[in-house]
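Structure first, then comments.
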Amino acid sequence: MPEVAVRELTLGEAVREALAEEMRRDSRVCLIGEDVAEAGTPFKVLSGLVEEFGKSRVIDTPISEAGFTGVAVGAAMTGLRPVVDIMFGDFVTLTMDQMVNQAAKVHYMSGGAWKVPMVMRATLGASRRSAAQHSQSLHAWFSHIPGLKVALPSTPYDAKGLMKTAIRDENPVIFFEDKMMFKFKGPVPIEEYTIPFGVADIKREGDDITVVATSSMVQVALGAATMLEEIGIGAEVVDPRTTWPLDEKTLIESAKKTSRVIVVDEGYERYGVTAEIASVIATGAFYDLDAPVKRIGAMHVPVPFSPHLEDATIPSEQQVFEAARAMCKRS
Amino acid sequence: MTTATNQSKTDSGLGTEQLLRMYKQMVSIRLFEEQVNDLYTRALMPGLAHLYIGEEAVAVGICEALNRDDYITSTHRGHGHCLAKGAAADRMFAELLGKEAGYCRGKGGSMHIADPKSGNLGANAIVGGSVGIAAGAAFSAKHFGTKQVAVCFFGEGALGQGLLYEVMNLARLWDLPVIYVCENNMYNEYTHFSETTAGDILARPAAFGIPAESVDGQDVRAVYATAKRLVDQTRSGKGPAFLLCNTYRYRGHHVGDVNREYYRAKLEEQRWMAERDPIKLLADWVTGQKLADKAQLDEIQKQVKSEIDTAVDFATKAAYPGMDQLEEDIYA
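Listed below in structure tokens is the structure:
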């Protein structure tokens, strides 16, 4: 391996760096959303961009998620490459017609005549004590719709590489960032790189059990894997990085290798991402599995405010550890 | 901001050639739609279609004021807009029949015809669904300084959609070159608009500071003259405009909506057809002004009939898309 210059960045800084690099590279890229300019969003991820790129490319909007998303769809069809900013992922509900009926379908419905190269940035993740309308993880909704792509970075490195790919993609991409990870640090090369969609990343190798984890749950899975190591269980942590396109091959290969699989995702467990991935693995690795695929998602409850209640609704390291230990039949 | 034009006295400044072109365009839409109805009633066309018959002067008058590279967004009742903006009847019929030669390769159908070559961003089956897209096209035009304008056609039913008001606010704030053309054909599907629309329609855009006018949507000369003025204003950088075109849908909400007495009287339909028909009004005017005689207009009708027959023949004989195309174009 050649030496690569690397420094530590937070996930928020990595996203900002990706946006800034792409905006320098391509003058068609612009940012549209609530408080994206001088405020740099409440999470300060976009701080400094309006100073560099000006107000014609970093555009503050009224609180009109459906309206500015619709404008972005039309702008993308006619030559711009907008990145719209949805402050809290819960607010994607307000944009659903524009994303699901318009952006997702324009290319197919027009027989390929028009395309919609846009990115929607949104957040996911609970435990910020923000209650039921600022805490959901709704990425499964978009993963369900043909015509959309969904990226779920779990590290600063992935966030930067996936964001650059999202902006260069010719299709509408929904890019979910865990709002609790904006200050999470990790190594990011100084040199230019992108990460292709549909390529899972093995975050940790292991032989006894596979833990497939997305976004906010990757660190949970890695924490559980450390605990499992202490009792002699080798856990492999696989991060799909995009729920669509989905790297089914890597998931199935890991399942075949370890013969036991837990899928962890912060979206609601019922009808969620864990169900789809469990089904892919159950179908693709059926004869190699020693146990049914186990799913751990968010509880089927609106996210409550009271901290001890809220914490109980999302998967924890302890929960993943216990489930893995039980599946590996260790006491 | 709110003004009303006196359409009957509008000096449209139209030459004979332009008047006859608009006449031909209106006749084309009329005969196209009659042919669609015929294909539907003979069970040769899958699905449904929403006919534009009676409203021809709106699409033709507006599009006559546009350049080929100006943008439009259209609606479920969109055949007239697409034809007026420059789509070819043969590929439109092919799309309506689900054929590969259609504008969307058979994947869109009647409600989704799109054509980049004529600036048509697509017809939209979500009422009010394209108001943001039109503003987005205007946003691009302004960003790149192309001097294009975008026209967003929508029916009065879309006045009930909140997205319209979010986007009109944005369009004014950002001075986008977009013109909202509200076609009031008086019926939100099967309900008279007076039952669904509170207050004064023009007061809505006016509240955002958007210049708003109404025009007799049966008078193509008036529609053109008003559209031309608004398009010129918008193109010169003055931002959005709103034009309310008062018109009438001769037929049902869709081709299958035949028995309509429960929501409107036959007498009402007969009066509009007899007294306010856009094609007849223009014919009377050009012959009255001795700009053309009846024989010339009959010749245009004959020519259009022949073109429509050829187009239907093309579409009927065209091939269906192969199964290999089912999963093509989901992603670009």
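Protein sequence lines correspond, in order, to chains L and Y. Per our numbering, the very first residue in the first sequence carries number 1; after that it's consecutive. Per our numbering, the very first residue in the second sequence carries number 1001; after that it's consecutive. Beta carbons are placed, not taken as given, at the ideal position from N, Cα and C, and that holds for glycine.
Buried/exposed call for residue i, threshold 16 Cβ in 10 Å
{"i": "L/S110", "result": "buried"}
{"i": "Y/N1067", "result": "exposed"}
{"i": "L/E38", "result": "exposed"}
{"i": "Y/A1043", "result": "exposed"}
{"i": "L/Q98", "result": "buried"}
{"i": "Y/Y1040", "result": "buried"}
{"i": "L/R57", "result": "buried"}
{"i": "L/H308", "result": "exposed"}
{"i": "Y/H1050", "result": "buried"}
{"i": "L/F321", "result": "buried"}
{"i": "Y/F1242", "result": "buried"}
{"i": "L/P292", "result": "exposed"}
{"i": "L/V6", "result": "exposed"}
{"i": "Y/F1032", "result": "buried"}
{"i": "Y/R1077", "result": "buried"}
{"i": "Y/A1087", "result": "buried"}
{"i": "Y/Q1303", "result": "exposed"}
{"i": "L/R62", "result": "A small fix is needed here, since residue 62 of chain L is Pro in this sequence, not Arg. The residue in question, L/P62, is exposed, as its Cβ has fewer than 16 Cβ neighbours within 10 Å."}
{"i": "Y/R1249", "result": "buried"}
Cutoff 6 Å; reference residue i; Cβ partners in own chain excluding five residues on either side
{"i": "L/F53", "result": "M23"}
{"i": "L/P117", "result": "A76, R81 and E170"}
Residue i versus residue j - alpha carbon distance
{"i": "Y/Q1018", "j": "Y/P1321", "result": "38 Å"}
{"i": "Y/S1028", "j": "Y/H1192", "result": "28 Å"}
{"i": "L/S154", "j": "L/I233", "result": "23 Å"}
{"i": "Y/G1054", "j": "L/D26", "result": "47 Å"}
{"i": "L/I262", "j": "L/T242", "result": "18 Å"}
{"i": "L/F286", "j": "Y/D1038", "result": "55 Å"}
{"i": "Y/F1139", "j": "L/A75", "result": "6 Å"}
{"i": "Y/L1014", "j": "Y/P1205", "result": "29 Å"}
{"i": "L/E51", "j": "Y/I1133", "result": "28 Å"}
{"i": "L/L80", "j": "L/E317", "result": "43 Å"}
{"i": "Y/V1167", "j": "Y/A1137", "result": "12 Å"}
{"i": "Y/V1151", "j": "Y/I1179", "result": "5 Å"}
{"i": "L/R295", "j": "L/T274", "result": "6 Å"}
{"i": "Y/R1271", "j": "Y/D1216", "result": "16 Å"}
{"i": "Y/K1290", "j": "Y/F1208", "result": "44 Å"}
{"i": "Y/L1244", "j": "L/I32", "result": "30 Å"}
{"i": "Y/L1048", "j": "Y/K1305", "result": "23 Å"}
Residue-level contact to chain B via CB, residue i, 8 Å cutoff
{"i": "L/W114", "result": "Absent from the structure: chain B. Protein chains present are L and Y."}
Bounding residues of the beta strand (DSSP E) (the contiguous stretch that carries residue i)
{"i": "Y/S998", "result": "Residue 998 of chain Y lies beyond the residue range present for chain Y, which begins at 1001 and ends at 1332; the question has no answer from this structure."}
{"i": "Y/Y1052", "result": "No beta strand (DSSP E) contains Y/Y1052, which DSSP labels as neither H nor E."}
{"i": "L/V263", "result": "V261 to Y268"}
{"i": "L/R121", "result": "V119 to L124"}
{"i": "Y/N1120", "result": "N1120 to A1123"}
{"i": "L/R81", "result": "R81 to D85"}
{"i": "L/S130", "result": "Element bounds for L/S130: n/a, residue is neither H nor E."}
Close beta carbons around residue i, own chain, < 8 Å, minus the five adjacent residues each side
{"i": "L/E17", "result": "L9, K160 and V188"}
{"i": "L/K149", "result": "A166, D169, N171, P172, V173, I174, F197, T242, W244 and P245"}
{"i": "L/H134", "result": "F88, D90 and R128"}
{"i": "L/P42", "result": "D35 and M87"}
{"i": "Y/M1026", "result": "E1056, A1057, V1060, V1220, P1278, I1279 and L1282"}
Delimiting residues of the alpha helix (DSSP H) encompassing residue i
{"i": "Y/W1174", "result": "That residue, Y/W1174, is in no alpha helix (DSSP H); it is neither H nor E in DSSP."}
{"i": "L/K249", "result": "E248 to T258"}
{"i": "Y/F1093", "result": "A1089 to L1096"}
{"i": "Y/I1279", "result": "P1278 to G1288"}
{"i": "L/P156", "result": "P156 to R168"}
{"i": "L/E51", "result": "L49 to F53"}
{"i": "Y/E1307", "result": "K1294 to K1317"}
{"i": "Y/P1205", "result": "A1203 to A1207"}
{"i": "Y/V1036", "result": "T1016 to T1041"}
{"i": "L/L222", "result": "M217 to E230"}
Coil, strand or helix - residue i by DSSP
{"i": "Y/A1198", "result": "coil"}
{"i": "Y/D1115", "result": "strand"}
{"i": "Y/Y1180", "result": "strand"}
{"i": "Y/C1104", "result": "coil"}
{"i": "Y/N1335", "result": "Here chain Y comprises residues numbered 1001 to 1332, so residue 1335 of chain Y is not present and cannot be evaluated."}
{"i": "Y/E1327", "result": "coil"}
{"i": "Y/C1063", "result": "helix"}
{"i": "L/P307", "result": "helix"}
Residues of its chain near residue i, where Cβ-Cβ distance is below 7 Å and the 5 sequence neighbours each way are ignored
{"i": "Y/G1119", "result": "R1068, D1069, D1070, Y1071, I1072 and K1085"}
{"i": "L/I314", "result": "A126, S127, E266 and A298"}
{"i": "Y/R1091", "result": "A1101, G1102 and Y1103"}
{"i": "Y/R1030", "result": "I1053, E1056 and I1279"}
{"i": "Y/V1258", "result": "G1252"}
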